[in-house]
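Student: Take this structure, written in structure tokens, and hold onto it; I'll ask about it next.
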Amino acid sequence: MSYEINTDNAPAAIGPYVQGVDLGSMVITSGQIPVDPKTGEVPEDIAAQTRQSLANVKAILEKAGLSAADIVKTTVFVKDLNDFATVNATYEEFFKQHNAPFPARSCVEVARLPKDVKIEIEAIAVRK
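Below you can see the structure in the form of structure tokens.
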């Protein structure tokens, strides 16, 4: 049985899906684009977009009682792999800032993302 996770600290779903699901031992987030949940704005540069997407993932996990340290897998979708170095540096900073181990990760370039953003990040976290 799964339970829907819903928080005002991450953007509302813009389609027929939920922000995340809590399976008891595992939490799975939907892909988070870099929309500020308070203003609806999207930062311009890729570093700020990466920070916002990760903040949105973190907010969903926190609603479920978890933290960045509980993330075991992420998938990162980028519009341009030329941004890979900047995304990596910002991603690394996020996990170090939260004293969290680096999770397993996939990173792929995609043709287009919702709202024409530059990045989308989804995560799987486990309760230990």
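Heads up, our numbering is the position in the sequence shown plus 1174, with the first residue counted as 1. Positions of the beta carbon are idealized from the N, C-alpha and C atoms, including for glycine.
Could you compute how far the alpha carbon of Lys1212 sits from the alpha carbon of Val1201?
Tutor: For the purposes of this step, residue 1212 is identified with residue 38 of the sequence shown, where counting begins at 1. For the purposes of this step, residue 1201 is identified with residue 27 of the sequence shown, where counting begins at 1. Lys1212 and Val1201: Cα-Cα distance of roughly 23 Å.
Student: Within the same chain, show all residues whose beta-carbon is closer than 6 Å to that of Val1195, passing over the 5 residues directly before and after it, in chain order.
Tutor: For the purposes of this step, residue 1195 is taken as residue 21 along the sequence shown, with counting starting at 1. So the qualifying residues of the chain are Ser1176 and Ile1202.
Student: Is Gly1214 a contact residue of the ligand FAD, with contact defined as CB to any heavy atom under 7 Å?
Tutor: Ligands in the displayed structure: none, and consequently the ligand FAD is not present.
Student: In whole angstroms, what is the alpha-carbon distance linking Asp1210 and Val1291?
Tutor: As a working mapping, residue 1210 is identified with position 36 in the sequence shown. As a working mapping, residue 1291 is identified with position 117 in the sequence shown. Approximately 12 Å, taken between the alpha carbons.
Student: Tell me which residues share the same chain as Val1192 and place their Cβ nearer than 8 Å to its Cβ, disregarding the 5 neighbours each side in the sequence.
Tutor: Residue mapping note: residue 1192 aligns to position 18 of the sequence shown, counting from 1. The answer, listed in chain order, is Glu1178, Ile1179, Asn1180 and Ser1204.
Student: Restricting to Cα atoms, I'd like to know which of Val1250, Glu1294 and Pro1288 is closest to Pro1277.
Tutor: In the sequence shown, the residue the question calls residue 1277 occupies position 103. Among Val1250, Glu1294 and Pro1288, the Cα nearest to that of Pro1277 belongs to Val1250.
Student: Mapping the DSSP letters down to three states, classify Glu1215 as helix, strand or coil.
Tutor: Indexing the sequence shown from 1 puts residue 1215 at position 41. DSSP places Glu1215 in coil when its eight states are reduced to three.
Student: Say whether chain B places a C-beta atom closer than 8 Å to the C-beta of Gly1194.
Tutor: The structure shown contains no chain B, having only a single protein chain.
Student: Run through DSSP, which three-state label would Ile1234 get?
Tutor: Stepping through the sequence shown from its first residue, residue 1234 is reached at position 60. In this structure, Ile1234 counts as helix in the three-state DSSP scheme.
Student: Taking contact to mean 3 or more Cβ pairs, one atom from each stretch, closer than 8 Å, check whether the stretch 1215-1225 and the stretch 1240-1249 are in contact.
Tutor: No, the stretch 1215-1225 is not in contact with the stretch 1240-1249.
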